[in-house]
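Residue numbers (our numbering), protein chains in the order written: chain A, 1 to 217; chain B, 1001 to 1217. The next block holds one structure in the form of structure tokens; read it before the comments.
Protein chains: 2
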Amino acid sequence: MARISESTVRRLSHYYRVLAEVEAEGRRMISSHRLAEREGITSAQVRKDLSCFGSFGRRGLGYNVQHLRGEIRSILGLDRRWRVLLVGAGHIGSALLAYRGFAAQGFDIVAVYDRDPSRIGQKNAGLVVQDIADLPRAGAQGAEVGVIATPIKSAQEVADALVAAGVRGILNFAPRKLFVPAHVALRTVDMTMEFESLSFELHQARAPRRRRAPSGG
Amino acid sequence: MARISESTVRRLSHYYRVLAEVEAEGRRMISSHRLAEREGITSAQVRKDLSCFGSFGRRGLGYNVQHLRGEIRSILGLDRRWRVLLVGAGHIGSALLAYRGFAAQGFDIVAVYDRDPSRIGQKNAGLVVQDIADLPRAGAQGAEVGVIATPIKSAQEVADALVAAGVRGILNFAPRKLFVPAHVALRTVDMTMEFESLSFELHQARAPRRRRAPSGG
């Protein structure tokens, strides 16, 4: 199988959701046209993407919904579970522990770490918060994914500790760029950036002719 | 003030966080070089960005941390609060209600809606979940932002209802593209996509030479 681009993966992710919807509606077949809809994708692109993984469609009939969904599920690795170490038991960490959709996506949080003495030893969603200083000693304990939900200033240090402990993937919720070795997969969910960007646009729309006088610093 | 691009806003968002860090360290001045670090931004870009909002820096001395932070805070509209209607009291909605960082960014959830009869009338984080069917009647009640945390198939319908109710901004957590009028600001946080993309990369790394036989479908 050729190297699959990040944008192809994102489209597969999209197809997977459309297929889930269509399957819930009880439909058996789907056209490449329907799979393309909504995201500004052409049906030719759909056929091209899917042909990378074997020719699932039949000319004039389209794709079998259940079969294609199973195939994409397997391609994306959604048919298996990942053991996750969560670092940071603050706002985002607690919300992630409460977020059952995280488990629904195959991510099982098996341990929680923090550096704040007032949090260490407390129970959060059934897990006792452990001291981050113990992470190097404990190792990844079979966990393949680390989730970083710490303040930005600790994020790189935590990433280094997770990599040293042996995780192969990191999901970063701290709003900064992180550096990890090439063999470690890194994805960032920057909610703060989206919130601030929305706040900016609302604010500007409200005061469109607002001007700032130059002010020496 | 000239139209500010989305990427400039994202950089301002970055500078804002660096300034918060540096202020916490007790430093009074900061160079454009230090503001640029980590994100692959040049110091010339920093000076250009900040000059759009008035010349805050002094040659050879840099920028006053507290002053610049206050200015960016005000430019991004982070010095004010937004009233928020949350639609969807499922996994993501509940996590958002539990996420205190949302309020820390100036977003106050004032009402929660859902369509599921088993959720309507229940209390969630101090708010009684209301029937989404009542949203058009209630209107936005002074709320400027709507947050969509529903399944993808309801998301567009909910967006339309929020726009009709009078919100000016939408924060969308449903993993699909939404269409809103030009006067409404829209930002999407697609966690599902990041999770699936990470899952894919881990999965491929584990089975790098995995091949799929063509399968007629």
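Every residue gets a Cβ at the ideal spot worked out from N, C-alpha and C, and that includes glycine.
| Asked | Found |
| --- | --- |
| DSSP on residue 189 of chain A, reduced to helix/strand/coil? | coil |
| Expressed to the nearest angstrom, what Euclidean distance is found between the alpha-carbon atoms of residue 1027 of chain B and residue 160 of chain A? | 27 Å |
| Considering only their Cβ atoms, is the gap separating residue 185 of chain A from residue 1198 of chain B smaller than 7 Å? | yes |
| Assuming residue 1087 of chain B contacts residue 1109 of chain B under a Cβ cut-off of 8 Å, what Cβ separation, rounded to an integer in Å, is found between them? | The Cβ separation is near 11 Å, so there is no contact. |
| Between residue 1132 of chain B and residue 1115 of chain B, how many whole angstroms is the CB-CB distance? I'm expecting something under 8 Å. | 5 Å |
| Do residue 1007 of chain B and residue 196 of chain A have their C-beta atoms closer together than 7 Å? | no |
| Can you grab the Cα-Cα spacing for the pair residue 166 of chain A / residue 1191 of chain B, in whole Å? | 24 Å |
| Just reading off the beta strand (DSSP E) that residue 1125 of chain B is part of, what are its end residues? | Here residue 1125 of chain B belongs to no beta strand (DSSP E), and DSSP marks it neither H nor E. |
| Return the residue from the list B:1137, B:1025, B:1096 that minimises the CA-CA distance to residue 1125 of chain B. | B:1096 |
| Could you check the C-alpha separation between residue 148 of chain A and residue 173 of chain A for me, to the nearest Å? | 6 Å |
| Count the CB pairs spanning the segment 1056–1067 of chain B and the segment 1016–1032 of chain B that are closer than 8 Å, and state whether there are at least three. | yes |
| Mind checking residue 49 of chain A: buried by the 16 CB within 10 Å criterion, or exposed? | buried |
| Out of B:1150, B:1153, B:1168, which one is the CA nearest neighbour of residue 1140 of chain B? | B:1168 |
| Please state the DSSP three-state secondary structure of residue 1113 of chain B. | strand |
| Taking residue 1202 of chain B as the reference, which of A:158, A:44, A:182 has the closest Cα? | A:182 |
| Starting from residue 181 of chain A, find everything on chain B with Cβ-Cβ shorter than 7 Å and list it in chain order. | Those do not exist, as residue 181 of chain A stays about 12 Å from chain B at its closest Cβ, beyond 7 Å. |
| Hey, does residue 109 of chain A have any beta-carbon neighbour from chain B nearer than 7 Å? | no |
| Do you know whose CA, among B:1189, B:1204, B:1177, lies nearest residue 40 of chain A's CA? | B:1177 |
| Report yes if the C-beta distance between residue 1021 of chain B and residue 153 of chain A is below 7 Å; otherwise report no. | yes |
| Between residue 9 of chain A and chain B, is the shortest Cβ-Cβ distance under 7 Å, so that the two count as touching? | yes |
| Flag residue 191 of chain A as yes if its beta-carbon sits less than 7 Å from any beta-carbon of chain B, otherwise no. | yes |
| Here's the rule: buried if 16 or more other CB atoms are within 10 angstroms of the residue's CB, otherwise exposed. What is residue 216 of chain A? | With a pLDDT of 39 at residue 216 of chain A, under the threshold of 50, the modelled position of that residue is not reliable, and the figure given next carries that caveat. Result: exposed. |
| Looking at the ligand HEM, does it come within less than 6 Å of residue 1036 of chain B, judged from the CB to the closest heavy atom? | Although the ligand HEM was asked about, the structure shown includes no ligands whatsoever. |
| What is the rounded straight-line gap between the Cα of residue 1214 of chain B and the Cα of residue 1047 of chain B? | Unreliable positioning characterises residue 1214 of chain B in this predicted model, as indicated by a pLDDT of 43, which lies under 50. A coordinate reading is not provided. |
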